[in-house]
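Read in order, the letters of the sequence shown are residues 171 to 459 in my numbering.
Input: a single structure, listed below in structure tokens.
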Amino acid sequence: MTPLYSMTGFGKKVLQLPGKKISIEMKSLNSKQADINLRLPSLYRSKEGDIRQLISESLIRGKIDCNINVEVTGIESAPRINMELAEGYLKQLKQLSDATGTSGDLLGSVMRLPDVLQSAQDELGDEEWKILEQGLLDTLEALKEFRASEGSRLAEDLQLRLQNIEEAQAKVVPLEEERRQRVKDKLMRSLEQLKSDVDQERFEQELIYYLEKYDITEEKVRLSSHIQYFRELIEEGNMVGKKLGFVSQEIGREINTLGSKANHAEMQRLVVEMKDELEKIKEQALNIL
């Protein structure tokens, strides 16, 4: 059986390279499409398209945040100071300080100015990209495992909600005969108030008309059919979130029709219970891939 996947997930991977440590974190939430937000060091910008493709092909849908952070751990990876640019900045700042009579940490100010610090690497090497790519794949796999675990929990909850709807529907059945008798009694009281002779044949016709008007047999059959299909989709797993959303709408239509035809206080109460369970199902279905 293919697992049911939630769109909620988290994955993390730490890569240790000579002179640097690369941390990769990804988290995802529900979304109708693949909405990918990347935070990358400047060195990896050239691979942004490849990274986006890896993520979208693996995760399919969801609001996905990917953060890649690089921490320098060795002198060979330390940023280089652009000496010529720094000297030019410092000279101008000294002139400005003398002219205005202000003082301060000129060197600290220079180090924060644009392009004074430059990456020790001008381009991303093939070997580092291979390591980063594998790290991304490992992170994605961890996130998918998280999604599968969350999906399993969602599947259990959905099954429970479906069962609750079926139990409420089953309680409707014994009320139908009581409702039938109420309709008959109501018609008889109306006739008695008119103090007219009862045409038994006409009375039976009117009774049949009202009973057909409030008959819910078709709604119960369709509701059971939709619930069965919903269960089959849960068992099918994989990317069934949108289908589950469509089927839950059909379940809602049948429950609403039951409510409109109920004409019975206890049946109305059971319909409200079914609607409440269905709303929870719809909320959960939004989180399914």
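From the three backbone atoms N, C-alpha and C, an ideal C-beta is built for every residue, glycine too.
C-alpha distance - residue i paired with residue j, whole-angstrom precision
i: glycine 278; j: arginine 209; result: 27 Å
i: glycine 429; j: aspartate 235; result: 43 Å
i: glycine 219; j: arginine 439; result: 55 Å
i: arginine 401; j: valine 410; result: 11 Å
i: leucine 459; j: glutamate 388; result: 32 Å
i: leucine 403; j: leucine 393; result: 15 Å
i: leucine 199; j: lysine 341; result: 38 Å
i: lysine 383; j: aspartate 355; result: 16 Å
i: alanine 269; j: methionine 196; result: 51 Å
i: glutamate 320; j: glutamine 329; result: 14 Å
i: proline 211; j: lysine 450; result: 41 Å
i: leucine 332; j: arginine 350; result: 28 Å
i: glutamate 337; j: serine 395; result: 15 Å
i: serine 322; j: leucine 283; result: 51 Å
i: asparagine 334; j: alanine 325; result: 14 Å
i: glycine 181; j: glutamate 254; result: 43 Å
i: valine 242; j: serine 216; result: 20 Å
i: lysine 314; j: threonine 427; result: 40 Å
i: isoleucine 397; j: valine 343; result: 17 Å
The alpha helix (DSSP H) enclosing residue i, as first and last residue numbers
i: glycine 429; result: 411-432
i: arginine 222; result: 218-229
Own chain, CB closer than 8 Å to residue i, minus 5 neighbours either side, in chain order
i: tyrosine 399; result: Val417
i: leucine 276; result: Leu260, Leu263, Lys264 and Ser267
For residue i, the three-state DSSP class (helix, strand or coil)
i: glutamine 329; result: helix
i: glutamine 203; result: coil
i: leucine 393; result: helix
i: leucine 459; result: coil
i: arginine 282; result: coil
i: leucine 266; result: helix
i: leucine 255; result: helix
i: glycine 181; result: strand
i: serine 273; result: coil
Beta-carbon contacts of residue i that lie in its chain and below 6 Å, excluding the five residues immediately before and after
i: glutamate 436; result: Leu345
i: asparagine 460; result: The first residue shown for the chain is 171 and the last is 459, placing residue 460 beyond what the model contains.
i: serine 193; result: Val184 and Asn239
Beta strand (DSSP E) segment containing residue i, residue limits
i: lysine 233; result: 232-242
Neighbourhood of residue i by C-beta, 7 Å cutoff - its chain only, sequence neighbours within 5 removed
i: aspartate 327; result: Gln454
- prompt: Okay, do the segment 182-194 and the segment 416-428 touch, 3+ Cβ pairs below 8 Å being the bar?
  reply: Too few Cβ pairs lie closer than 8 Å, so no.
- prompt: Is there contact here, the segment 194-213 with the segment 221-234, by at least three beta-carbon pairs under 8 Å?
  reply: Yes, since at least three Cβ pairs between the segment 194-213 and the segment 221-234 fall closer than 8 Å, the two stretches touch.
- prompt: Between the segment 444-452 and the segment 303-312, do three or more beta carbon pairs fall short of 8 Å?
  reply: Flag = no, the segment 444-452 and the segment 303-312 do not touch.
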